[in-house]
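As you go down the protein sequences, you meet chains A and B in turn. Residues in the first sequence are numbered consecutively from -10, following the numbering used here. Residues in the second sequence are numbered consecutively from -10, following the numbering used here. C-beta atoms are modelled at their ideal positions from N, C-alpha and C, and glycine is treated no differently. Predicted, not measured: the structure shown is a model, and the values here were computed from it. Some notes on the structure that comes next.
Number of protein chains: 2
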Amino acid sequence: MIQSVDRAIRVLTALQGTRRMSLSELAARLELAPSTAHGIVRSLVEHGMVVQERGSSRYQLGPAVLRLGNVYLDTLELRSKAIPWAEDLARRTGLAVRTGVLLIDDVVIIHHEPRPDGSRQMPEVGIVIPVHASALGKAMLAFMPEDEKRVLTSGELRSMTGETISSPENLRDQLDQVRASGIAAERDEAVIGESSLASPVFDSYSEAVGAIGVVLPSGGELDGQISDLVRETARAVSRELGAPSWPPRRPGQ
Amino acid sequence: MIQSVDRAIRVLTALQGTRRMSLSELAARLELAPSTAHGIVRSLVEHGMVVQERGSSRYQLGPAVLRLGNVYLDTLELRSKAIPWAEDLARRTGLAVRTGVLLIDDVVIIHHEPRPDGSRQMPEVGIVIPVHASALGKAMLAFMPEDEKRVLTSGELRSMTGETISSPENLRDQLDQVRASGIAAERDEAVIGESSLASPVFDSYSEAVGAIGVVLPSGGELDGQISDLVRETARAVSRELGAPSWPPRRPGQ
DNA sequence: CACAAACGTTCGACATTGTCGAACCACATT
DNA sequence: AATGTGGTTCGACAATGTCGAACGTTTGTG
């Protein structure tokens, strides 16, 4: 791993958490000399990845990162294949549909089909949710042995709400259930009042490449029919990606 | 400018143009030894900025860039202030409304309010258009003396369609007009059959920070009433950002 | 089915390059 | 007006990234 590249990405990641930071804050966060941090930030600014506010004080992310994100979405085969099925699932269930992929210890939403009731809803593309606090994350993790091991042994499971799973044993048991049923559930674990159901999507190598599922208010009963629709959707998208079977014979290679 | 950081960003930029590239393609494009390129790519992969496709061959952008892009949009004051006015402008004109910022020699769209006719339209947030081929770009450039100079003297004005401005003299004359009228126009210069009108938005330092405008089919007559609405919108957003006057007394600085 | 060629990847040595500390400058605050 | 904070620049050292060569795997071809 190249040191300065690593540090540059850490700068971006820091700015992603704390949206506006002064140079000294950045330097302190990364445990670097201010002049070192300055050199890195300068390089990022030159390419528009970071901009400094007027008044030459704080730094924040720049427009170049937006362009990159847009191109990423365009290249994703999973996304283009999933969109028609997501629309279909939203129509049939009357619920919002999310599609996501794994990024280290989080799920990144790559598509969001809003509830078809015509109400104004925040677009959620690009937001991240901890793997262990989302149905999408659990659905994927159950079929990614290496990532599962890493998450289970990494120690800390960040708490989002009082319902967030905090013990690795509990999470492992749930992943076993996901493997058996092909569907993952979550209730108030990321956002209070919000529950979700999701199933994993596989590619032609039978690798889990993402997950798709619905978001519903926590109040209602878990409807078996909705589970079936989610599973069917995940299977359909997987087939379009060339997956030989669903669920896969040998979970995730 | 730190060499390896610069190279890492060039890798991302290359992957943004040519969406899938092999290591040797990347190395050739950046004029690097394959092993050097590999080290850089490896660092990017570790952070999820780049992923390699199954079959260990080609590389493409990864989910981490999407997360960054989303956070960038959230931090942008221009965007949050512009959205209500963009909705209003779209309703009044029946046209699609775009808001954009400058990134080197391009405009990046940071908000897109679709035509209010209920038809399915591609979301355009994140796409880039050459400055000299867009009304948004010309509107901003006219009030950014340094960037104007750079663009006018950089030599090449990329051609998008037969109508794209290719001569610096022509562009400079148009920018003079923009300064006089406070509004920029474009007709078939980026996309055939598509025209646009835009006005610059200023912050509390009277610096041009972006532009807002409408997209319309190239057929119709240029309506003076629409121009007035665009100008009024830009003025309103500028006021919300704390701009002391519109247009500014001392153009850009 | 076997061979060859191309590609991605790993390793180690050299010197280029990034890092750090100190000094400088501008701004804001008292 | 003076002092302190924070951002930025500069130069010297050595740590770090770069390159070339070799390895292993995959892909295309005879």
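Shown here for residue 46 of chain A: same chain residues with a beta carbon closer than 7 Å to its own, the five before and five after excluded, namely 11 in chain order. Here the C-alpha atom of residue 235 of chain B lies approximately 40 Å from the C-alpha atom of residue 4 of chain B.
Contact between the stretch 213 to 225 of chain A and the stretch 181 to 201 of chain A is present, with at least three C-beta pairs closer than 8 Å.
Any Cβ of chain B closer than 8 Å to the Cβ of residue 64 of chain A would place that residue at the interface, and such an atom is present.
The beta-bridge partner set that DSSP reports for residue 88 of chain B consists of B:100 and B:201. DSSP, read as helix, strand or coil, puts residue 112 of chain A in coil.
Pairing residue 43 of chain B with residue 194 of chain A gives a Cβ-Cβ distance under 8 Å. Identification of chain A residues near residue 87 of chain B by a Cβ-Cβ cut-off of 7 Å yields none; the smallest Cβ-Cβ distance measures about 14 Å.
Across the stretch 121 to 151 of chain B, no CB contact with chain A closer than 7 Å is found for any residue. For residue 116 of chain B, the neighbours in chain A by C-beta distance under 7 Å run, in chain order, 59. In the three-state reduction of the DSSP assignment, residue 61 of chain A falls in the helix class. Residue state for residue 154 of chain A is assigned as coil, using DSSP reduced to three classes. Around the beta carbon of residue -7 of chain A, 16 or more other beta carbons lie within 10 angstroms, which makes this residue buried. Listed along the chain, the chain B residues whose CB falls inside 7 Å of the CB of residue 36 of chain A are -2. Burial state of residue 222 of chain A is buried, judged by a 10 Å Cβ sphere holding 16 or more other Cβ atoms.
The beta-carbon of residue 180 of chain A is placed no less than 8 Å from the nearest beta-carbon of chain B.
With a threshold of 8 Å between beta carbons, residue 14 of chain B makes no contact with chain A.
About 13 Å separates the beta carbon of residue 32 of chain A from that of residue 29 of chain B, a gap too long to meet the 8 Å contact definition. For residue 133 of chain A, no pairing in a beta bridge is given by DSSP. Secondary structure at residue -9 of chain A: coil, using DSSP grouped into helix, strand and coil.
Residue 82 of chain A counts as buried, since no fewer than 16 other beta carbons sit within 10 angstroms of its beta carbon. Rounded to the nearest whole angstrom, the CA to CA distance from residue 225 of chain A to residue 140 of chain B is 49 Å. Flagged as an interface residue toward chain A: residue 196 of chain B, by a C-beta distance shorter than 8 Å. By the rule that beta-carbons nearer than 8 Å mark a contact, residue 5 of chain A touches chain B. At a cut-off of 8 Å between beta-carbon atoms, residue -7 of chain B makes contact with chain A. Contact between residue 128 of chain B and residue 167 of chain B is confirmed by a C-beta separation of about 6 Å, below the 8 Å threshold. Assigned with DSSP and collapsed to three states, residue 165 of chain A falls in helix.
For residue 32 of chain A, a Cβ of chain B is located within less than 8 Å of the residue's own Cβ.
Membership of residue 73 of chain B in the alpha helix (DSSP H) is indicated by the continuous run 66 to 82. Sorting A:71, A:53, A:103 and A:19 by C-alpha distance to the C-alpha of residue 204 of chain A places A:103 at the top. In terms of beta-carbon proximity, residue -10 of chain A lines the interface with chain B, with at least one pair separated by less than 8 Å. Distance from the CA of residue 39 of chain B to the CA of residue 18 of chain B, rounded to the nearest whole angstrom, comes to 17 Å. Between residue 110 of chain B and chain A, the shortest Cβ-Cβ separation is not below 8 Å.
If you draw a straight line from the Cα of residue 114 of chain A to the Cα of residue 100 of chain A, it comes to about 6 Å. The residues 70, in chain order, have a CB closer than 6 Å to that of residue 229 of chain B in the same chain once the five nearest residues on each side in sequence are set aside. The beta carbon of residue 186 of chain B sits no closer than 8 Å to any beta carbon of chain A.
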